[in-house]
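Have a look at the structure below, then the notes.
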Amino acid sequence: MSLPDFLALIRIALVPVIMAFTRSDQVENALGIAAALFAVAAFTDFLDGYVARRTTGGTTLGAFLDTTADKILVTGTLFALVSIDRVSIWPAVIIVFREFAVMALRGVVAERGGLIRPSTWGKMKALAQFTAIFWAFLRFPETWGPWYFDQWLMLLAVIATVGSAWGYLSAFWYAVRDDEGPAVSVEVDSEGHRFIVPSAEPHEADSDVE
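For the sequence shown, the working numbering begins at 132 and goes up steadily by one.
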């Protein structure tokens, strides 16, 4: 098993532990412990991408594990926070829907022999989500206007989430609109420009964030 695959499995294994501490009323400073564990899990996401970019090759299993681990981490943690009223239901639903919708779009393109590579927006989205979730655990007691600091961060995470989804949606449409077209890889930069190149085998470095 490669190191990136192992890190993805650690991320998945940490999710139920984070959720348990989030909902616990028996452990002193349980939310602080949950925040620390979440920070470790989020760090493994960036670490496995770093390792994958500096190693040759990559596997379909590795790409699947990485993206699946991210979805499980964000989804499980968000809904645990919703259950204790630290996060409102509407940003959680938007973020979770986007995560699995993009995963489905990438799957359709992959079946056609193509690959939609992650964009700069996707990397910003991941950072925004992780930051907002972390501070939701450690909520400052003072509000900034009508909301707490972490709620403003969650709003920014939602904006980044929706913005990155638009780039993937346009790339998906470009990739599949011609039923007889060749297999392609569609790269989307931070400005939404599409770059079409021949499809290649999935590489873990291309799937660290989406």
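Ideal Cβ placement from N, Cα and C applies to all residues, glycine included.
Between the segment 224 to 238 and the segment 162 to 179 there are fewer than three inter-stretch CB-CB distances shorter than 8 Å, so the stretches are not counted as touching.
A contact between stretches requires three or more CB pairs, one per stretch, nearer than 8 Å, and the segment 137 to 153 meets this requirement with the segment 193 to 211. Rounded to whole angstroms, the gap between the alpha carbons of W266 and R229 is 21 Å. The beta carbon of T292 sits closer than 6 Å to the beta carbons of I226, R229, K256 from its chain, once the five residues preceding and following it are set aside; these are given in chain order.
With a cutoff of 8 Å on beta-carbon distance, S295 and G238 are scored as not near each other.
In its chain, beyond the 5 residues on either side, F268 have a beta carbon closer than 6 Å to the beta carbon of L162. Using a Cβ distance threshold of 8 Å, I264 and T206 do not count as a contacting pair.
Excluding residues up to 5 positions away in sequence, L138 lie with their Cβ nearer than 8 Å to the Cβ of L178 in the same chain.
When DSSP states are grouped into helix, strand and coil, T274 belongs to the strand group. In the assembly as shown, T274 is an exposed residue. Its beta-carbon has fewer than 16 other beta-carbons within 10 Å. Residue burial is scored here from C-beta neighbours: M132 has fewer than 16 other C-beta atoms within 10 angstroms and is therefore classed as exposed.
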